[in-house]
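Chemist:
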Amino acid sequence: MAQQRPLERSPCSERVRRFCTRTMDLQTTETVKEGGEGEERGRKRRPEEEEDKEETSSNRKQVADHSVKVASHYNRLQEVGLAARSQSRIFFMRNFNNWLKSVLIGEILEQVRGAGSRQVSVLDLGCGKGGDLLKWRRGGINHLVCADIAGVSVEQCQSRYEEMKRKSHVNEKIYSAQFITADCSKEVLSEKLDDPKLMFDICSCQFVFHYSFESEQKANVMLRNACERLKPGGYFIGTTPRCLRTC
Ligand SMILES: C[S@@+](CC[C@H](N)C(=O)[O-])C[C@H]1O[C@@H](n2cnc3c(N)ncnc32)[C@H](O)[C@@H]1O
Numbered sequence: 176m177a178q179q180r181p182l183e184r185s186p187c188s189e190r191v192r193r194f195c196t197r198t199m200d201l202q203t204t205e206t207v208k209e210g211g212e213g214e215e216r217g218r219k220r221r222p223e224e225e226e227d228k229e230e231t232s233s234n235r236k237q238v239a240d241h242s243v244k245v246a247s248h249y250n251r252l253q254e255v256g257l258a259a260r261s262q263s264r265i266f267f268m269r270n271f272n273n274w275l276k277s278v279l280i281g282e283i284l285e286q287v288r289g290a291g292s293r294q295v296s297v298l299d300l301g302c303g304k305g306g307d308l309l310k311w312r313r314g315g316i317n318h319l320v321c322a323d324i325a326g327v328s329v330e331q332c333q334s335r336y337e338e339m340k341r342k343s344h345v346n347e348k349i350y351s352a353q354f355i356t357a358d359c360s361k362e363v364l365s366e367k368l369d370d371p372k373l374m375f376d377i378c379s380c381q382f383v384f385h386y387s388f389e390s391e392q393k394a395n396v397m398l399r400n401a402c403e404r405l406k407p408g409g410y411f412i413g414t415t416p417r418c419l420r421t422c
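If you're matching positions, the sequence shown starts at 176 in the numbering used here and goes up one per residue.
#1: If you measure between the beta carbons of residue 376 and residue 263, is that distance less than 9 Å?
#2: Is the Cβ-Cβ distance between residue 381 and residue 276 less than 9 Å?
#3: Rounded to whole angstroms, what's the CA-CA distance from residue 332 to residue 409? Just pull it up for me.
#4: Run through the DSSP bridge pairs and tell me what residue 371 is partnered with.
#5: So is the beta-carbon of residue 300 under 8 Å away from any non-hydrogen atom of ligand 1?
#6: Would you be able to state if there are at least three C-beta pairs under 8 Å between the segment 345-361 and the segment 390-399?
#7: Could you round the C-beta distance between residue 386 and residue 325 to whole angstroms and report it? I think they count as a contact, below 8 Å.
#8: Report yes if the C-beta distance between residue 374 and residue 296 is below 9 Å; otherwise report no.
#9: Could you check what DSSP says for residue 413 in three-state terms: helix, strand or coil?
#10: Quick check on residue 210: buried or exposed, where buried means 16 or more other Cβ atoms within 10 Å of its Cβ?
#11: Return the residue from the list 345, 344, 287, 349 that minimises the CA-CA distance to residue 308.
#12: Suppose contacts are defined by Cβ-Cβ distances below 9 Å. Is residue 383 in contact with residue 300 by that definition?
#13: Can we count residue 270 as close to ligand 1, meaning its CB is less than 8 Å from some heavy atom?
#14: Taking the beta strand (DSSP E) that residue 352 falls in, what are its first and last residues?
#15: What I want to know is whether the C-beta of residue 360 ends up closer than 8 Å to one or more non-hydrogen atoms of ligand 1.
#16: Short of 6 Å in beta carbon distance, which residues of its chain neighbour residue 288, apart from the five on each side in sequence? Order them along the chain.
#17: Tell me, which residues are paired with residue 307 by DSSP?
#18: I'd like to check one pair, residue 328 with residue 257: are the Cβ atoms closer than 9 Å?
#19: If I measure Cβ to Cβ from residue 269 and keep anything under 8 Å in the same chain, skipping five residues before and after, which residues do I get?
#20: Under a Cβ-count criterion, where at least 16 other Cβ atoms within 10 Å of its own Cβ denotes burial, should residue 315 be classed as buried or exposed?
#21: For ligand 1, is there any heavy atom lying closer than 8 Å to the beta carbon of residue 322?
#22: Within the same chain, show all residues whose beta-carbon is closer than 7 Å to that of residue 403, passing over the 5 residues directly before and after it, in chain order.
#23: My output table needs one value for residue 278: the three-state DSSP class, helix, strand or coil.
#24: Among the residues of its own chain, which have a CB less than 8 Å from the CB of residue 273, if the five just before and after it don't count?
#25: With residue 242 as the anchor, note down where its alpha helix (DSSP H) starts and where it stops.
#26: Exposed or buried, residue 266, counting other C-beta atoms within 10 Å across all chains shown (16 or more means buried)?
Okay, here's the thing in structure tokens:
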């Protein structure tokens with residue numbers, strides 16, 4: 176792993192730092208803890224969690240840290256169709272989260288364009304399976320970098336992007352994209368960019384940041400990845416769960 180350079184104290188990193196300080200007290204809704212410790216009370220176990228229960232204690236010791244567990248949890252999640260999704264316990268919460276992200280993305284793109292940016296580049300930090308690809312398409316951005324710790328999710332995200340491109344109208348200019356599998360709380364993303372000089376107008380981190388609060392060191396690397404390549408005056412947008420609401 177590359178040596179971490181000290182985080183620059185730009186106004187942007189200060190804003191992100193304040194965001195994180197505000198949310199340090201969060202109680203996550205999706206954090207998967209080893210051995211069920213800290214698990215939400217009264218929540219039914221999902222099938223993949225039943226698999227976790229079957230892990231022997233020696234297996235558990237081999238799980239280096241929380242990141243490995245998080246990656247394998249998301250890698251195991253199956254993509255299901257709309258019919259199955261609508262039966263999910265969290266169907267309405269997902270819809271609400273998607274609405275929230277659409278509004279946030281729409282508003283921030285307006286501000287970026289209002290400030291005169293023509294070629295808009297975005298970093299989707301913790302992109303998952305590409306739930307926001309269509310939102311960025313609607314927003315007419317020019318370039319997207321998608322990064323996530325879960326390799327299977329990144330592959331699915333890339334396939335969705337390629338399918339979206341393939342199915343688009345010949346006259347529609349779909350943004351270009353790069354896909355990176357990386358633990359963004361440990362690895363420096365700027366070193367993995369195809370274009371080493373790329374700077375972002377927006378860093379979007381949706382329902383991800385809380386995973387890095389396992390340690391201050393991890394939170395700092397995540398912050399560095401969020402801020403390091405933001406253009407001066409660029410925006411960080413993020414959502415993170417709290418015990419009572421999403422902020
Ligand atoms: C709740 S999902 C959100 C996915 C996507 N942002 C969305 O809104 O649809 C959380 C995502 O964070 C990713 N994640 C968790 N820890 C991470 C880390 N250290 N580095 C990169 N991604 C991480 C997970 O793999 C998962 O895809």
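We treat Cβ as the ideally placed atom computed from N, Cα and C, and that holds for glycine.
Modeler: Answer, in terms of the structure:
#1: On the sequence shown, position 201 is the one that residue 376 refers to. On the sequence shown, position 88 is the one that residue 263 refers to. The Cβ-Cβ distance between residue 376 and residue 263 does not fall below 9 Å.
#2: The residue given as residue 381 occupies position 206 in the sequence shown. The residue given as residue 276 occupies position 101 in the sequence shown. With contacts defined by Cβ atoms closer than 9 Å, residue 381 and residue 276 form a contacting pair.
#3: Taking the first residue of the sequence shown as 1, we reach residue 332 at position 157. Taking the first residue of the sequence shown as 1, we reach residue 409 at position 234. Cα-Cα distance, rounded: 25 Å.
#4: One-based indexing of the sequence shown puts residue 371 at position 196. According to DSSP, residue pairing for residue 371 in a beta bridge does not occur.
#5: Reading the sequence shown from its first residue, position 125 is the one you call residue 300. Yes, Cβ of residue 300 sits closer than 8 Å to a heavy atom of ligand 1.
#6: Touching, per the Cβ criterion.
#7: Taking the sequence shown and counting its residues from 1, the one referred to as residue 386 is at position 211. Taking the sequence shown and counting its residues from 1, the one referred to as residue 325 is at position 150. Rounded, the Cβ-Cβ distance is 11 Å, inconsistent with contact.
#8: Within the sequence shown, the letter at position 199 stands for residue 374. Within the sequence shown, the letter at position 121 stands for residue 296. Yes.
#9: The residue given as residue 413 occupies position 238 in the sequence shown. Looking at residue 413 - three-state DSSP - the assignment turns out to be strand.
#10: Within the sequence shown, numbered from 1, the residue matching residue 210 stands at position 35. Model confidence at residue 210 stands at a pLDDT of 32, short of 50, so the residue's coordinates are unreliable; what they give is reported in the following sentence. Label assigned to residue 210: exposed.
#11: Position 133 of the sequence shown holds residue 308. Nearest of 345, 344, 287, 349 to residue 308, Cα basis: 349.
#12: Reading the sequence shown from its first residue, position 208 is the one you call residue 383. Reading the sequence shown from its first residue, position 125 is the one you call residue 300. With respect to the 9 Å criterion, residue 383 and residue 300 are classified as neighbours on the basis of their beta carbons.
#13: Numbered from 1 along the sequence shown, position 95 holds the residue referred to as residue 270. No, the beta carbon of residue 270 sits no closer than 8 Å to any heavy atom of ligand 1.
#14: Residue numbering aside, residue 352 sits at position 177 when the sequence shown is read from its first letter. Where residue 352 is concerned, the enclosing beta strand (DSSP E) starts and stops at 351-356.
#15: Here the question's residue 360 lines up with position 185 in the sequence shown. Result yes, Cβ under 8 Å from ligand 1.
#16: Taking the first residue of the sequence shown as 1, we reach residue 288 at position 113. There are no such residues.
#17: Against the sequence shown, residue 307 aligns to sequence position 132. Paired residues: none, contrary to the question.
#18: Along the sequence shown, one-based indexing puts residue 257 at 82. Along the sequence shown, one-based indexing puts residue 328 at 153. Result no, Cβ atoms of residue 257 and residue 328 do not sit closer than 9 Å.
#19: Residue mapping note: residue 269 aligns to position 94 of the sequence shown, counting from 1. Excluding sequence neighbours, residue 269 sits near 260, 263.
#20: Here residue 315 corresponds to residue number 140 of the sequence shown, with the count starting at 1. Residue burial annotation: residue 315 is exposed, with fewer than 16 other C-beta atoms found within 10 angstroms of its C-beta.
#21: Here residue 322 refers to the residue found at position 147 of the sequence shown. Of the heavy atoms belonging to ligand 1, at least one sits nearer than 8 Å to the Cβ of residue 322.
#22: Looking up residue 403 in the sequence shown gives position 228. Leaving aside the five residues that flank residue 403 on each side, the residues in its chain whose CB is nearer than 7 Å to its CB run, in chain order, 365.
#23: Mapped onto the sequence shown, residue 278 falls at position 103. Of the three classes helix, strand and coil, the one that applies to residue 278 here is helix, per DSSP.
#24: Here the question's residue 273 lines up with position 98 in the sequence shown. In the same chain as residue 273, and ignoring 5 residues on each side of it, the C-beta atoms closer than 8 Å to its own belong to 306, in chain order.
#25: What you label residue 242 is simply residue 67 of the sequence shown in a count that begins at 1. Its alpha helix (DSSP H) spans residues 241-251.
#26: Residue 266 sits at position 91 when you count from the first residue of the sequence shown. Per the 10 Å Cβ criterion, exposed.
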